[in-house]
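Working notes, beginning with the structure itself.
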Amino acid sequence: MNILKTAIEGVFILEPAVFRDARGYFFESFNQRKFEALVGPVRFVQDNESKSCYGVVRGLHFQKGPDAQSKLLRVISGSVLDVAVDLREGSPTFGKHVAVELTGENRRQLFIPRGFAHGFGVLSREALFQYKCDNFYAPSSEGAIVWDDPDLGIDWRIPAGDVILSEKDRRNPTFKEYCNER
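Residues in the sequence shown are numbered from 9 upward in steps of one, following the working numbering.
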């Protein structure tokens, strides 16, 4: 497995070794020992999966306080733009984001540590998305920031008229509102 650093400390792209032959391919999508040797100790406790069509944007979501989550994200099929926004107090990259295209073909994974908002937009006709979390979902600790916040300046690579949001995500606060609530 190869690890690539991003512009934000603690956020990593992981590229697995893929073994191909006439039958197809094989790769190890997760190995705790190898992962910890590259990233450090993280104990995942929950796996999630979603299937979405083109234009769906989910996010930007996070959990606060002791319920914050680290995530290891990957796409099984299709293509998404995966986004992590730094919400860590005192971080030199607070309010900055990393955007990485994850596809079923490139098999890249994105590791996002605790203290980030996360979202993704579906770039293909359909995408099957999987991720591991190191903390259980806690609705009482849930938070969010609106996907198209102008201060964050995220290029989702989806025309605004094609974006499909949940009713809940339409009402998310802006980044400035999030900062004022802290």
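Where a beta carbon is used, it is the ideal one built from N, C-alpha and C, also for glycine.
Nearest neighbour of residue i, chosen from the options [CA to CA]
i, options, result
"residue 138", "76, 73, 81", "81"
"residue 52", "77, 14, 34, 72", "77"
"residue 175", "58, 187, 154", "154"
N-terminal and C-terminal residue of the beta strand (DSSP E) that residue i is part of
i, result
"residue 10", "10-13"
"residue 91", "87-94"
"residue 130", "124-130"
"residue 70", "65-71"
"residue 33", "32-35"
8 Å contact criterion, which residue i and residue j should meet: CB distance rounded
i, j, result
"residue 66", "residue 128", "6 Å"
"residue 95", "residue 124", "6 Å"
"residue 59", "residue 136", "5 Å"
"residue 186", "residue 54", "24 Å between Cβ atoms; not a contact."
"residue 19", "residue 92", "5 Å"
Helix, strand or coil at residue i [DSSP, three-state]
i, result
"residue 113", "coil"
"residue 56", "strand"
"residue 177", "helix"
"residue 45", "helix"
"residue 18", "coil"
"residue 151", "strand"
"residue 107", "strand"
Cβ-heavy atom distance, residue i to the ligand ADP, below 6 Å
i, result
"residue 121", "With respect to the ligand ADP, the structure shown offers nothing to examine, as it has no ligands at all."
Endpoints, alpha helix (DSSP H) assigned at residue i
i, result
"residue 183", "183-189"
Between the region 55-71 and the region 168-185, do three or more beta carbon pairs fall short of 8 Å? yes
Three or more C-beta pairs under 8 Å: does that hold for the region 145-164 against the region 32-50? no
Evaluate the contact criterion for the region 106-123 versus the region 80-95: three or more CB pairs, one atom per stretch, below 8 Å. yes
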